[in-house]
Amino acid sequence: MDTKTDPRVAELMEFVSIPSVSAQSAHAGDMRRCAEWLVRKMESIGLAARLEETAGNPVVVGKSPRDPAKKTVLIYGHYDVQPPEPLELWTSPPFQPEIREGRIYGRGASDNKGQIFAHILGVGEALAEGPLPVNVVFLVEGEEEVGSTHLAGFLDKNRGELACDFIAISDTGMAAEGHPTLSYALRGIAAMEVRVFGPAQDLHSGIYGGAVANPATAAARLVASLHDKSGRVAIEGFYGDVEEMADWERQAAAESPHSEAAIARQAGVSELAGEAGYSAVERIGARPTAEINGIGGGYQGEGTKTVLPAQAFFKVTFRLVANQHPENILQLARRHFERHKPPGVRLEILDGHGGEPFLLDPHSPPGLAAQRALEKVFGKKPALMREGGSIPILADFEKILGRPALLLALASPDCRAHAPDENFPVENFLAGIRLNKALLHELAK
Ligand code: BES
Ligand code: ZN
Numbered sequence: 000m001d002t003k004t005d006p007r008v009a010e011l012m013e014f015v016s017i018p019s020v021s022a023q024s025a026h027a028g029d030m031r032r033c034a035e036w037l038v039r040k041m042e043s044i045g046l047a048a049r050l051e052e053t054a055g056n057p058v059v060v061g062k063s064p065r066d067p068a069k070k071t072v073l074i075y076g077h078y079d080v081q082p083p084e085p086l087e088l089w090t091s092p093p094f095q096p097e098i099r100e101g102r103i104y105g106r107g108a109s110d111n112k113g114q115i116f117a118h119i120l121g122v123g124e125a126l127a128e129g130p131l132p133v134n135v136v137f138l139v140e141g142e143e144e145v146g147s148t149h150l151a152g153f154l155d156k157n158r159g160e161l162a163c164d165f166i167a168i169s170d171t172g173m174a175a176e177g178h179p180t181l182s183y184a185l186r187g188i189a190a191m192e193v194r195v196f197g198p199a200q201d202l203h204s205g206i207y208g209g210a211v212a213n214p215a216t217a218a219a220r221l222v223a224s225l226h227d228k229s230g231r232v233a234i235e236g237f238y239g240d241v242e243e244m245a246d247w248e249r250q251a252a253a254e255s256p257h258s259e260a261a262i263a264r265q266a267g268v269s270e271l272a273g274e275a276g277y278s279a280v281e282r283i284g285a286r287p288t289a290e291i292n293g294i295g296g297g298y299q300g301e302g303t304k305t306v307l308p309a310q311a312f313f314k315v316t317f318r319l320v321a322n323q324h325p326e327n328i329l330q331l332a333r334r335h336f337e338r339h340k341p342p343g344v345r346l347e348i349l350d351g352h353g354g355e356p357f358l359l360d361p362h363s364p365p366g367l368a369a370q371r372a373l374e375k376v377f378g379k380k381p382a383l384m385r386e387g388g389s390i391p392i393l394a395d396f397e398k399i400l401g402r403p404a405l406l407l408a409l410a411s412p413d414c415r416a417h418a419p420d421e422n423f424p425v426e427n428f429l430a431g432i433r434l435n436k437a438l439l440h441e442l443a444k
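Following numbering that gives the first Met the number 0, the numbering of the sequence shown begins with 0 at its first residue and continues without gaps.
Structure representation (structure tokens):
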């Protein structure tokens with residue numbers, strides 16, 4: 000079938016056209032509209048679906064007819080998307096999806112609407128063919144991109160209804176185009192903002208410069224103190240809890256189709272950088288980092304202004320790997336900044352959101368079932384990959400529902416998630432529908 004006339008693609012485009020941006024309060028109505036759209040879609044394929052209120056955006060739950068003799072698979076995803084800005088960098092508007100060269104372009108196309116919708120359609124097609132080999136429960140939330148604030152409470156309150164044998168998620172990227180990938184680890188995260196205060200107001204940099212500490216310089220020194228010359232994070236104790244990679248993992252990383260050249264090309268850099276002693280694939284998936292997300296202070300306008308600014312700030316997120324904990328890392332970072340604070344300035348340190356890292360043994364029985372389903376659909380042995388991004392709710396799934404998640408990647412390595420021209424290949428979408436059906440069969444065994 001021509002992809003442009005395939006009704007499944009048209010439906011996905013309708014889903015993507017709803018601007019469900021969780022970070023922006025102006026879109027609160029769109030969040031609800033999007034959740035309602037999903038409920039109707041789930042009902043139309045034969046699921047018992049409903050919208051559940053939380054203190055934040057609603058959660059959508061959809062269930063297949065329950066057969067107590069069968070195992071239950073919970074499929075998780077999110078209908079919220081990242082802000083589309085900067086708008087001028089999109090080739091076509093973010094919420095008017097368009098197909099170009101076999102890819103659907105639009106905010107949320109891959110993260111996560113295309114991926115979760117493939118699972119929904121997979122279940123719909125399977126239901127049309129007869130009873131499912133397993134019971135299915137969909138859980139689709141609207142706050143993943145803003146830290147899943149209300150989902151743990153929802154899991155806790157509904158743990159009976161959400162009880163399951165397996166959790167399946169497609170919200171990660173493939174190691175290479177068309178290469179099946181089981182993501183067996185995700186990094187955790189810990190966010191912090193540091194504000195640096197100096198004089199009571201902006202000063203003339205000639206009249207006071209040299210005698211009064213400059214907060215922008217102090218902020219830059221603090222930022223620079225985060226890494227040593229070999230690219231390691233220089234916070235005392237930062238690596239204390241890090242679980243080193245097993246030999247088979249280093250081997251898998253070395254054989255990964257996610258090549259250094261591809262990473263550099265996709266990132267648009269001529270040279271990669273990072274912690275000495277590890278490959279780029281290892282640095283991204285299996286090593287913790289400190290990343291400055293924003294830095295500011297002082298005059299930002301046209302021309303020059305001889306000012307000694309009163310304040311400066313920076314925002315930092317730490318990505319964490321197995322055995323590190325966000326609260327502990329934030330404490331170590333706070334102590335580091337207080338110790339490295341240059342004289343003459345005052346710091347205000349604000350802790351942000353946090354999420355635990357995730358690690359699954361891909362050779363466990365559920366991991367092997369996921370690998371078989373991937374191989375069946377893509378005709379190749381799946382790559383086993385540790386991913387750099389985070390899905391903080393995974394730790395709560397383990398804690399509250401007692402089940403680890405199987406992460407079956409469908410996004411393309413250059414899907415441009417969170418960036419302008421986010422896209423999802425139609426081919427991956429259709430493969431995702433087949434993958435869902437294969438997975439339900441493998442998990443039933
Ligand atoms: N889909 C991503 C997570 C992801 C991306 C995992 C790439 C693996 C590879 C998810 O939507 C996301 O962006 N998560 C945020 C979480 C944060 C807001 C707490 C992230 O990783 O920055
Ligand atoms: Zn995302």
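Positions of the beta carbon are idealized from the N, C-alpha and C atoms, including for glycine. Since the structure is predicted, the reported quantities are computational estimates derived from the model, not experimental observations.
Nearest in C-alpha terms to Gly105, of all of Lys112, Arg99, Ile115, Phe94, is Phe94. In the DSSP annotation of this structure, Val133 is not part of any alpha helix (DSSP H), being labelled neither H nor E. Taken through DSSP and simplified to helix, strand or coil, Gln310 comes out as strand. In the three-state reduction of the DSSP assignment, Lys62 falls in the strand class. Non-local C-beta neighbours of Arg194 in its own chain, meaning closer than 6 Å and more than five positions away in sequence, comprise Phe312, Glu347, ordered along the chain. Taking C-beta separations shorter than 6 Å and ignoring five residues to either side along the sequence, the partners of Thr90 in its chain run Asp420, following chain order. Here the alpha carbon of Ala437 sits roughly 14 Å from the alpha carbon of Pro381. Sequence-distant Cβ neighbours of Pro18 in its own chain, meaning closer than 7 Å and more than five residues away, are His26, Asp29, Phe94. Nearest to Ile103 by C-alpha distance, out of Glu10, Thr288, Glu374, is Glu10. Beta-bridge pairing by DSSP links Leu271 to no other residue. The C-alpha of Val80 lies about 6 Å from the C-alpha of Ser21. Two segments are said to touch when three or more pairs of C-beta atoms, one from each, lie closer than 8 Å; by this definition the stretch 147 to 164 does not touch the stretch 298 to 315. For the pair Gly76 and His118, the CB atoms are nearer than the 8 Å cut-off.
Relative to the ligand BES, Asp110 has its C-beta within less than 7 Å of a heavy atom.
With a 10 Å radius around the Cβ and a threshold of 16 neighbouring Cβ atoms, Leu88 comes out exposed. For Met30, the secondary structure class from DSSP, reduced to helix, strand or coil, is helix. For the set Phe137, Ile44, Ser229, the Cα lying nearest the Cα of Ile74 is the one of Phe137. At least one heavy atom of the ligand ZN falls within 7 Å of the beta-carbon of His417. Under the 10 Å beta carbon count, Arg318 is surrounded by 16 or more other beta carbons and is classified as buried. Ranking Phe396, Glu35, His417, Leu439 by CA distance to the CA of Phe14 puts Glu35 first. Counting of Cβ neighbours within 10 angstroms places Leu349 among the exposed residues, the total staying below 16.
Around the beta carbon of Lys398, fewer than 16 other beta carbons sit within 10 angstroms, so the residue counts as exposed. Ile294 and Val232 do not touch by the CB rule: their CB atoms are close to 17 Å apart, not below 8 Å.
Val133 and Lys69 have their C-alpha atoms roughly 5 Å apart. DSSP lists Met191 as the beta-bridge partner residues of Asp350. For the pair of segments examined, the stretch 358 to 374 was found to touch the stretch 392 to 410: the number of CB pairs separated by less than 8 Å reaches three.
Here Arg106 carries a coil assignment [DSSP, helix/strand/coil]. Between Gly187 and Gln330, the C-beta gap is not smaller than 8 Å, which leaves the two residues out of contact. Following the DSSP letters along the chain, one finds Glu386 in no alpha helix (DSSP H) but inside the beta strand (DSSP E) bounded by residues 382 to 386. Judged by the Cβ position, Glu144 qualifies as a neighbour of the ligand ZN at the 7 Å threshold, a heavy atom of the ligand being closer than this. With a cutoff of 8 Å on beta-carbon distance, Val58 and Ala212 are scored as not near each other.
Counting of Cβ neighbours within 10 angstroms places Gln310 among the buried residues, the total reaching 16 or more. Within the same chain, and ignoring the five residues on either side of Pro85 in sequence, the residues whose Cβ sits closer than 7 Å to its Cβ are Pro419. In this chain, the beta strand (DSSP E) harbouring Phe165 covers 165 to 168. Remark: the shortest separation between the CB of Gly387 and any heavy atom of the ligand BES falls under 7 Å. Contact annotation: Gly230 and Ile432 have beta-carbon atoms that are not nearer than 8 Å.
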